[in-house]
Amino acid sequence: MDAFPKHRRHILLLAGSGEARDLATALSERADCKVTGSFLFPPRSFGPLPVPTRYGRFGGEDGMARYLLAERIDAVVDATHPFAHQISASAARVCARLAVPIVQVLRPPWTPEEGDRWTEVADERAVAAFLRPGQRVFTTTGRATLEHLVAQCSARFFVRQLEERAPPANLKNVCYVTGTGPFSVDEERETLSELEIDVLVAKNSGGEPSKTKLIAARELGLPVILIARPPQPDVLRVETVREALHWVDRL
Numbered sequence: 062m063d064a065f066p067k068h069r070r071h072i073l074l075l076a077g078s079g080e081a082r083d084l085a086t087a088l089s090e091r092a093d094c095k096v097t098g099s100f101l102f103p104p105r106s107f108g109p110l111p112v113p114t115r116y117g118r119f120g121g122e123d124g125m126a127r128y129l130l131a132e133r134i135d136a137v138v139d140a141t142h143p144f145a146h147q148i149s150a151s152a153a154r155v156c157a158r159l160a161v162p163i164v165q166v167l168r169p170p171w172t173p174e175e176g177d178r179w180t181e182v183a184d185e186r187a188v189a190a191f192l193r194p195g196q197r198v199f200t201t202t203g204r205a206t207l208e209h210l211v212a213q214c215s216a217r218f219f220v221r222q223l224e225e226r227a228p229p230a231n232l233k234n235v236c237y238v239t240g241t242g243p244f245s246v247d248e249e250r251e252t253l254s255e256l257e258i259d260v261l262v263a264k265n266s267g268g269e270p271s272k273t274k275l276i277a278a279r280e281l282g283l284p285v286i287l288i289a290r291p292p293q294p295d296v297l298r299v300e301t302v303r304e305a306l307h308w309v310d311r312l
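Structure follows, in structure tokens:
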């Protein structure tokens, strides 16, 4: 009997979540799979995946289709961030066009527990309606949508970022707080207390590592405004790495 199967399935792993790293590790140890990871940008909060990895855009959906055909991709595992809805939607459409199997790994969103003071809103633009002038707001929603969050709002925003960088000159009510997670509950509670934060704003990304800020806010009695997840593509969806690996087994 051959030591390796005659056809090693080539899987494209769209990365960006902790689940993607766990999947890459598990799949890299299998003889029946060849895995290529894909990031838009090199990850800053952790090292490279343990599989060959490409970086950058595909060049639109036609470019992605050409890539899948040229690399003979047998299946796509979408393990991007829950808010990376554009690449998820594009991958779903391309895979449907080419009849390439695809599964989305999407961890459950956070749900409130006793003592939580949560308000969920559709997007960053909707946050301002729930803030008062002069409030001190700690946010982990990132720089990409920062202007939507702070536009026409007289609150004071403390924005977590991974690296030292001056805030945009046109945003006078923004101060950056540099730090690389994951953070413990004690660390989050200390940050919120030292900055005298009145409100926490975060994306409902789910997952345990980043839930600590919500626990800290609960312990401090702080209100939380959560950005709801964007619409997800109509594809097969699983919540865990184990389920995704079972899907690969059935290819």
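Quick note on this note's numbering: the sequence shown kicks off at 62 and runs consecutively.
The beta-carbon is built from N, C-alpha and C at its ideal position, and this holds for glycine as well.
For the pair THR141 and ALA85, the Cα-to-Cα distance works out to about 13 angstroms. The C-beta distance from ALA263 to THR201 rounds to 5 angstroms, short enough to meet the 8 angstroms contact threshold. Contact between the segment 153 to 169 and the segment 188 to 207 is not established, with fewer than three Cβ pairs separated by less than 8 angstroms. Counting only the Cα atoms, GLY195 lies some 45 angstroms from THR114. Residue pairing from DSSP places ASP139 in a beta bridge opposite LEU75 and GLN165. Annotation: the continuous alpha helix (DSSP H) that includes SER254 extends over 246 to 255. Taking C-beta atoms as the reference points, ASN265 and LEU287 count as a pair closer than 8 angstroms. Nearest neighbour of VAL198 by Cα position, chosen from THR206, ARG178, VAL211 and ALA205, turns out to be VAL211. Ranked by Cα distance from LYS272, the first of ASP247, HIS71, VAL235 and ALA157 is ASP247. Look at ILE148 here: in three-state DSSP terms it is helix. The alpha helix (DSSP H) runs lying completely inside the segment 84 to 115 and spanning 4 residues or more number zero. Under the rule that a run must span 3 or more residues, the beta strand (DSSP E) segments found entirely inside the segment 273 to 308 read 285 to 288 and 297 to 299.
Sorting ALA76, THR301, GLY120 and TRP308 by C-alpha distance to the C-alpha of PRO104 places ALA76 at the top.
For the pair ALA289 and ALA131, the CB atoms are not nearer than the 8 angstroms cut-off. For ARG197, the enclosing beta strand (DSSP E) covers residues 197 to 200. Considering only ASN234, LEU223, THR206 and HIS209, the residue with the shortest C-alpha distance to ALA216 is ASN234. Here the C-alpha atom of PHE144 lies approximately 6 angstroms from the C-alpha atom of PRO291. If you look at ALA263, you'll find it isn't in any alpha helix (DSSP H); it sits in the beta strand (DSSP E) that goes 260 to 264. Checking the DSSP bridge columns, you'll see VAL155 has no partner listed. Within a 10 Å sphere around the beta-carbon of PHE119 sit 16 or more other beta-carbons, which makes this residue buried.
If the five residues before and after LEU207 are omitted, its C-beta is found closer than 6 angstroms to no C-beta atom of its own chain. Residues ALA85, THR86 and SER89 of the same chain have their beta carbon placed closer than 7 angstroms to that of PRO111, with the five preceding and five following residues left out of the count.
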